[in-house]
Amino acid sequence: MLEVLKPRIASLLSEPGRETGQRLQGICELLRREVPYYDWVGFYFRNGEKEELLLGPYAGDPTDHTVIPFGKGICGQVAVSNKNFVVPDVAAQDNYIACSLHVKAEIVVPIFVAGRNIGQIDIDSHTPDPFGTSDENFLEWVCAEVAAIL
Ligand code: SME
């Protein structure tokens, strides 16, 4: 199911005449629309050299968490660890920033440009424990494609 989205993402990233922000917005909307258990899809990017993340394009309910310090929440931990973080049950996490009471699970995958962790894709789900290896592999592919246009 995820594999069939790859050509559509590739074309969103390569169509002429769009700004980077619009391309990333298009990816968020496509993923949220097409994957039933992706309820909020967004990008966070490092704020220059500061140890904080800023919210970029996203699809889903607005969030108050537009700035996340390194180390805080799932997103802030990925900024430091440089590793995927799959959370099957957000209620079991101490270091978690709640965006909505409906969220049951989360996955965050870092984006590397020239070996540097410059941001991440963050996905929240209202379904408990929905994310598997296929999501990690797919989102790593998405992040690599995104990195190529940054
Ligand atoms: N839950 C995240 C915060 C971002 S929201 O999911 C949009 C975290 O713990 O870092």
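Position one of the sequence shown corresponds to residue 0 (numbering that gives the first Met the number 0), numbered consecutively onward. Cβ atoms here follow ideal geometry from the backbone N, Cα and C, with glycine treated the same way. On a predicted model such as this, the values are computed, not experimentally measured, just so you know.
{"Check": "By the three-class DSSP mapping on this structure, what secondary structure does D38 have?", "Outcome": "coil"}
{"Check": "The ligand SME and I73: does the residue's C-beta get closer than 7 Å to at least one heavy atom of that ligand?", "Outcome": "yes"}
{"Check": "Decide if the segment 77-85 is in contact with the segment 94-108; the criterion is three or more beta carbon pairs, one per stretch, under 8 Å apart.", "Outcome": "yes"}
{"Check": "Buried or exposed: where does D88 fall if 16 or more other Cβ atoms within 10 Å of its Cβ makes it buried?", "Outcome": "exposed"}
{"Check": "Apply the 10 Å Cβ neighbour rule to K103 and answer buried if 16 or more other Cβ atoms are within range, or exposed otherwise.", "Outcome": "buried"}
{"Check": "Which whole-angstrom value describes the C-beta separation of P56 and G20, a residue pair presumed to lie in contact below a C-beta threshold of 8 Å?", "Outcome": "6 Å"}
{"Check": "Jot down the residue ranges of each uninterrupted beta strand (DSSP E) in the segment 12-72, minimum 3 residues, whole runs only, in chain order.", "Outcome": "39-45, 51-58 and 66-68"}
{"Check": "Cβ of E135 within 7 Å of any heavy atom in the ligand SME?", "Outcome": "no"}
{"Check": "Give me the Cα-Cα distance between Q119 and G25, rounded to the nearest whole angstrom.", "Outcome": "16 Å"}
{"Check": "Write down the C-beta distance between G70 and V77 rounded to the nearest angstrom, noting that I regard them as a contact closer than 8 Å.", "Outcome": "The Cβ separation is near 10 Å, so there is no contact."}
{"Check": "Identify the residues that DSSP records as bridge partners of P109: which are they?", "Outcome": "Q119"}
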